[in-house]
Amino acid sequence: MSVLPIHGRARVFADDINTDYIISSHRKKETIDPQVLKQYLLEDARPGFAATLGEGDILVAGKNFGCGSAMEVAVTVVLAAGIRAVVAQSFSRTYLRNALNNGLLPVVADTRAIAEGEQLALRMDEQGRLLLDHGQAQPIVCEGLPEFVLNMLQAGGLVAYLKKHRSFDQTLASSSD
Amino acid sequence: MNGLTIAEKILSRSLGRTVQAGELVICQPDFAMGTDGSIPMALDYLKQMNDGHVCPPRYPERLLFALDHYGTASGPKALGLQGQARDYAHAHGVWVADVGQGIGHQLVLESGLARPGRVMVGADSHSTSYGAFNTFATGIGSSDLAGILLCGQVWLKVPASIRITLQGRLAPGVAAKDLALHLSRQLRADGANYCALEFGGSGVASLDMDDRIVLANMAVEMGAKVGVFPCDEVTVSCLEALGVRDYQPVAADSDARYQSQLEIDLGQVRPQLALPHRVDNVIDVRDVSATKVDMVYLGTCTGGRVKDYREALTELQARGGIADGVHLVVTPASETVRAQLEREGVLAAFEHMGATIQPPGCGSCCGTCGVTPASQSTVLSTANRNFKGRMGNAQASIYLASPRVCAIAAATGELNADGVPA
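If you read the protein sequences in the order shown, they are chains A and B.
So the first sequence is numbered by my numbering: it starts at 752 and just counts up by one.
So the second sequence is numbered by my numbering: it starts at -19 and just counts up by one.
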């Protein structure tokens, strides 16, 4: 999988980070350009957070990341801020699909032992397992992603996938067996 | 093979083959909705998918574009985004509900588009509302909507179902909103993640369509992909009133497999209150410590229908109107709702009391259009979310309750246990 490995610094948040926290609806009504919106990333959850971000930081969260509104800027603003992966104990379903569609890697893993600022590495091992290296000797084994989803991520997300295939007809054949 | 849940059955019928929880499938939704909050971004995605320019929608007749999030109060940039949605709809024969007609979800429900057996999606999380009419209805993002415009298809994972068995009936003064908050309290904000909430049991019959809409609407606050009701006499008579005859009711098999089951005695549900800043931070209203209220909001796709305002008005009139220092804001869910309230004199009564009446639409719910709460203010709302900053000001504290509880607080100026059924 070409999107891996990903190296970066852990930026840790709690459970139930909703999309209004990631980017407020009242910011979104001014523009949907993520390059502009990224300065407001997570401002209501942690004021001033956007200014502390470094290129390649990895968002780490507890349960139910991205709950609430289905607004997709909550994904594109994360990507615009230079973040390529979010690791959480679970994701809200709309955030998960928006992330996959846009090529932001949503990784489900037990994040409880990860501390703010730790160096992380997401990688695939020889058995095809998705692993997360952090401060401890043992990597965290992450949940795998379905093949269709991996294919879409590899294609660069839904836009690139549909630009190439024009429909899901090819997928239909492969997903029914 | 075991039997199928309602969600599995609707998707199976749509696909022409039997599918079960956990499978990834490609669906052709019978209907898709977008809003001015989600369509502009969908059109950007559509351009990227289609070599730099938008193309006509694959199935224009299956679409509704609702311009509900923004209005003149939203500012010129928001109106610019909204204009993109309107222009595309006009150019390609898509039904567009323009500013002031109401919240897209309410329009879908009022117009008879939500029909038993349909697969419906909307680029807005509260699209789950349509499940009240025995549909498989779920929220999607803008890129998914772009995909639907391009090819009419969307990828979905067939959800496992949680069966919510309802018994008895709600006590007088207790509303569907109280039941929704009660469920949120039990399941928590992620308790139904990726799942369908399938409502059933003898208690369903005691819930009218408005009640069911509240529950299907708020299913997403527990993480659910859909909230689905059976098709019964209530559904059939609503469809008849809407002039809808073409539909296919779907019932769960008796041996359907559920991820978990929850039984609720409706008679035991008490008035509930969600405290800031979480929808699952719920207590009984009787346990609240008295809190001064600055703004009361009656509206949204959860609490902005005719019945909600009738109930609220009754409580306000019984207590002599709005308390000094409380700003009551009324935002009907649709023009149809507003016109009905006008005919009944309800709107005039609210106005006479000094309430602010906003045009139908999403209004203040997510801080995109209309009155914004003041800093350090306490807001009580009939809406579905109370996240910090949700109404456009992170310095306000938002509480959620039923229209009745909201109205009592508006009349007394205080959130307390008085006058609320224990």
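The beta-carbon is built from N, C-alpha and C at its ideal position, and this holds for glycine as well.
Member of the options whose CA lies at the smallest distance from the CA of residue i
| i | options | result |
| --- | --- | --- |
| Ser749 (chain A) | B:Asn366, B:Ser382 and B:Leu395 | Given a span of 752 to 928 for chain A in the structure shown, any question on residue 749 (chain A) remains unanswerable. |
| Ser344 (chain B) | B:Ala397, B:Asp48 and B:Cys7 | B:Asp48 |
| Ser164 (chain B) | B:Leu61, B:Cys281 and B:Met198 | B:Met198 |
| Glu867 (chain A) | A:Phe816, A:Ile809, A:Leu881 and A:Arg848 | A:Ile809 |
| Val893 (chain A) | A:Val828, A:Ala836 and A:Asn902 | Sequence check: residue 893 (chain A) is Cys here, not Val. The residue with the shortest Cα to Cα distance from Cys893 (chain A) is A:Ala836. |
| Val76 (chain B) | B:Ala65, B:His257 and B:Tyr289 | B:Ala65 |
| Val5 (chain B) | B:Gln133, B:Gly80 and B:Ala69 | B:Gln133 |
| Thr15 (chain B) | B:Thr145, B:Gln86 and B:Ser217 | B:Gln86 |
| Gly405 (chain B) | B:His257, B:Ala236, B:Val224 and B:Ser141 | Lying outside -19 to 402, the shown extent of chain B, residue 405 (chain B) is not represented and no answer is given. |
| Cys818 (chain A) | A:Gly799, A:Asn769, A:Ala796 and A:Lys779 | A:Asn769 |
| Ser91 (chain B) | B:Gly334, B:Val79 and B:Tyr110 | B:Tyr110 |
| Val403 (chain B) | B:Val184, B:Asp170, B:Ala185 and B:Leu380 | Lying outside -19 to 402, the shown extent of chain B, residue 403 (chain B) is not represented and no answer is given. |
| Cys281 (chain B) | B:Asp245, B:Ala69, B:Val74 and B:Ser107 | B:Ser107 |
| Leu195 (chain B) | B:Ser18, B:Pro20 and B:Asn364 | B:Asn364 |
| Tyr289 (chain B) | B:Val268, B:Ile263 and B:Glu324 | B:Glu324 |
| Cys218 (chain B) | B:Leu187, B:Arg237 and B:Asp233 | B:Leu187 |
| Gln28 (chain B) | A:Gln878, A:Asn853, A:Gly879 and A:Arg880 | A:Asn853 |
| Met275 (chain B) | B:Ile244, B:Ser357 and B:Thr215 | B:Ser357 |
| His257 (chain B) | B:Gly369, B:Ile19, B:Leu129 and B:Ala389 | B:Gly369 |
| Lys814 (chain A) | B:Asp67, B:Met202 and B:Val359 | B:Met202 |
Enclosing alpha helix (DSSP H) for residue i [first to last residue]
| i | result |
| --- | --- |
| Ala389 (chain B) | Pro383 to Thr392 |
| Lys404 (chain B) | No statement about residue 404 (chain B) is possible, as the shown extent of chain B runs from -19 to 402 and does not include it. |
| Gln241 (chain B) | Element bounds for Gln241 (chain B): not the alpha helix (DSSP H) but the beta strand (DSSP E), Ser240 to Asp245. |
| Ala329 (chain B) | Val326 to Met333 |
| Phe899 (chain A) | Glu898 to Ala906 |
| Gly63 (chain B) | Pro56 to His72 |
| Pro785 (chain A) | Pro785 to Leu788 |
| Ala(-13) (chain B) | Ile(-14) to Leu(-5) |
| Gly32 (chain B) | First-last for Gly32 (chain B): undefined, no H or E at that position. |
| Arg844 (chain A) | Arg844 to Asn853 |
Closer than 8 Å at the beta carbon, the chain A residues around residue i
| i | result |
| --- | --- |
| Gly203 (chain B) | Asn815, Cys818, Ser843 and Arg844 |
| Leu130 (chain B) | Leu913, Arg917 and Ser918 |
Opening and closing residue of the beta strand (DSSP E) in which residue i lies
| i | result |
| --- | --- |
| Gln870 (chain A) | Gln870 to Met875 |
| Phe179 (chain B) | Ala176 to Gly180 |
| Leu883 (chain A) | Leu881 to Asp884 |
| Leu136 (chain B) | Val134 to Lys137 |
| Ala46 (chain B) | Leu43 to Ala46 |
| Val262 (chain B) | Val262 to Asp264 |
| Leu89 (chain B) | Not the beta strand (DSSP E): Leu89 (chain B) falls in the alpha helix (DSSP H), residues Gly84 to Glu90. |
Within chain B, the residues that residue i reaches when beta carbons sit closer than 9 Å
| i | result |
| --- | --- |
| Glu894 (chain A) | Those within 9 Å of Glu894 (chain A) in chain B number zero; the least Cβ separation is about 12 Å. |
| Val824 (chain A) | Met21 and Ser122 |
Contact list for residue i against chain B, beta-carbon separation under 7 Å
| i | result |
| --- | --- |
| Ala821 (chain A) | Ala103, Asp104, Ser105, Gly119, Ile120 and Gly121 |
| Asn902 (chain A) | Within chain B, no residue comes near Asn902 (chain A); the closest Cβ sits about 11 Å away, beyond 7 Å. |
| Pro897 (chain A) | Leu4 |
| Asp795 (chain A) | Lys368, Gly369 and Ala374 |
| Arg863 (chain A) | Those within 7 Å of Arg863 (chain A) in chain B number zero; the least Cβ separation is about 16 Å. |
Interface partners of residue i on chain B, CB under 8 Å
| i | result |
| --- | --- |
| Asn853 (chain A) | Ser123 |
| Arg835 (chain A) | Neighbours of Arg835 (chain A) on chain B: none; closest Cβ ~17 Å, over 8 Å. |
Contacts that residue i makes with chain A (C-beta to C-beta distance below 9 Å)
| i | result |
| --- | --- |
| Arg143 (chain B) | Under the 9 Å cutoff, chain A gives no residues; its nearest Cβ is about 19 Å from Arg143 (chain B). |
| Ala176 (chain B) | The premise fails here: Ala176 (chain B) is roughly 11 Å from chain A at the closest Cβ pair, so nothing lies under 9 Å. |
| Asn173 (chain B) | Lys814, Asn815, Cys818, Ser841, Phe842, Ser843 and Arg844 |
| Gly55 (chain B) | Lys780 and Glu781 |
| Arg149 (chain B) | None at all; the shortest Cβ gap to chain A is about 31 Å. |
| Arg365 (chain B) | Asn769, Asp771, Gly819 and Ser820 |
Beta-carbon neighbours of residue i, restricted to chain A and to distances below 7 Å
| i | result |
| --- | --- |
| Arg192 (chain B) | Result: empty, since nearest Cβ-Cβ is about 21 Å, beyond 7 Å. |
| Gly127 (chain B) | Leu909 and Leu913 |
| Leu61 (chain B) | Ile783 |
| Tyr25 (chain B) | Val910 |
| Gln133 (chain B) | Ser918 and Phe919 |
Residue-chain proximity (residue i, chain C), Cβ-Cβ < 7 Å
| i | result |
| --- | --- |
| Phe800 (chain A) | Considering every chain present, this structure includes no chain C. Its protein chains are A and B. |
Given 8 Å, three or more beta-carbon pairs between the stretch 300 to 319 of chain B and the stretch 327 to 338 of chain B: yes
Stretch pair the stretch 313 to 321 of chain B + the stretch 298 to 305 of chain B: three plus CB contacts closer than 8 Å: Proximity of the stretch 313 to 321 of chain B to the stretch 298 to 305 of chain B falls short of the contact definition, fewer than three beta-carbon pairs being nearer than 8 Å.
The stretch 284 to 292 of chain B in contact with the stretch 393 to 401 of chain B per 3-pair CB rule at 8 Å: no
Positions along the stretch 770 to 787 of chain A whose CB lies within less than 9 Å of some CB in chain B: Thr770, Asp771, Tyr772, Ser775, Ser776, His777, Lys779, Lys780, Glu781, Thr782 and Ile783
At least 3 beta-carbon pairs within less than 8 Å: the stretch -10 to -3 of chain B vs the stretch 23 to 37 of chain B: no
contact_flag[the stretch 35 to 55 of chain B, the stretch 247 to 256 of chain B] where n(CB pairs < 8 Å) is 3 or more: no
Interface positions of the stretch -9 to 22 of chain B facing chain A (Cβ-Cβ less than 8 Å), listed along the chain: Arg(-3), Glu3, Leu4, Val5, Ile6, Gly17, Ser18, Pro20 and Met21
Given 8 Å, three or more beta-carbon pairs between the stretch 88 to 106 of chain B and the stretch 115 to 122 of chain B: yes
The stretch 169 to 177 of chain B touching the stretch 840 to 859 of chain A, judged by at least three CB pairs closer than 8 Å: Yes: the two stretches touch, three or more of their Cβ pairs being nearer than 8 Å.
The stretch 342 to 358 of chain B: positions lying closer than 7 Å to chain A by Cβ: Here the close residues are Cys346, Gly347 and Thr348.
Touch test, the stretch 209 to 226 of chain B against the stretch 149 to 165 of chain B, Cβ-Cβ under 8 Å, three pairs minimum: no
Within 9 Å of chain A by C-beta, residues of the stretch 78 to 92 of chain B in sequence order: none
Interfacial residues, the stretch 367 to 401 of chain B to chain A, with Cβ spacing under 8 Å: Phe367, Lys368, Gly369, Arg370, Gly372 and Ala374
Interfacial residues, the stretch 27 to 38 of chain B to chain A, with Cβ spacing under 7 Å: Answer set for the stretch 27 to 38 of chain B: Gln28 and Met29.
Stretch-stretch touch, CB-based, cutoff 8 Å, three pairs: the stretch -18 to -11 of chain B with the stretch 146 to 153 of chain B: At 8 Å Cβ cutoff, the stretches do not touch.
Cβ contact check for the stretch 752 to 764 of chain A and the stretch 893 to 910 of chain A: 3 or more pairs under 8 Å: yes
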